[in-house]
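Encoded as structure tokens, the structure appears first; notes follow it.
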Amino acid sequence: MAVFEINEGQEDAFAAAYAQARPIIAEADGCRSVRMTRGVESPKRFVLLVEWETLEAHTEGFRGSERFPRWRAAIDSFWSAPPVVEHYRDV
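Sequential numbering from 1 applies to the sequence shown in full-length UniProt numbering.
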């Protein structure tokens, strides 16, 4: 899960950039699903939910691939702060 705080007035542009960049992550080895949500009460906050086959598919595979810098470059100019990224397991 990654939480993005977006610069004021750039929310729609961020959503459009994400839509264009989504295949970069969605087609990565080990990626099962990708979903972005936008806060209702906090519309500058977006939450990215990515399901990976394994933790390593994200931390080593995706982050170590040529896809990761392309992904970051497509969306990082919109952030007001670096995203908070955490990993979760099903219970």
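No residue lacks a Cβ here, since even glycine has one placed at the ideal position from N, Cα and C. On a predicted model such as this, the values are computed, not experimentally measured, just so you know.
- Quick one: grab the DSSP three-state call for THR54. Here residue 54 is taken as the residue at index 54 of the sequence shown, counted from 1. Looking at THR54 - three-state DSSP - the assignment turns out to be coil, as it is neither helix nor strand.
- Task: Evaluate contact between the segment 69-77 and the segment 51-60, counting only Cβ atoms and requiring at least three cross-stretch pairs below 8 Å.
- Result: Verdict: no, contact absent.
- Task: Determine the DSSP secondary structure at ALA19, reduced to helix, strand or coil.
- Result: Mapped onto the sequence shown, residue 19 falls at position 19. The answer is helix: DSSP assigns ALA19 an H, G or I state.
- Spatial distance of GLY61 from ASP29 (CA atoms): Taking the first residue of the sequence shown as position 1, residue 61 is located at position 61. Taking the first residue of the sequence shown as position 1, residue 29 is located at position 29. In a straight line, the C-alpha of GLY61 is about 7 Å away from that of ASP29.
- Message: Only counting the same chain, and skipping five residues up and downstream in sequence, which positions put a Cβ closer than 7 Å to that of VAL34?
- Response: Locating residue 34 in the sequence shown gives position 34, counting from the first residue. Once the five neighbours on either side are set aside, the close Cβ partners of VAL34 are ARG22, ILE25, ALA26 and VAL50.
- Exposure label - HIS58; buried when at least 16 CB within 10 Å: Along the sequence shown, one-based indexing puts residue 58 at 58. When all chains shown are included, HIS58 counts as buried.
- Message: Relative to the C-alpha of THR37, which candidate in PRO82, PHE4, VAL85 and GLU86 has its C-alpha closest?
- Response: Here residue 37 refers to the residue found at position 37 of the sequence shown. THR37 has its Cα closest to that of PHE4, out of PRO82, PHE4, VAL85 and GLU86.
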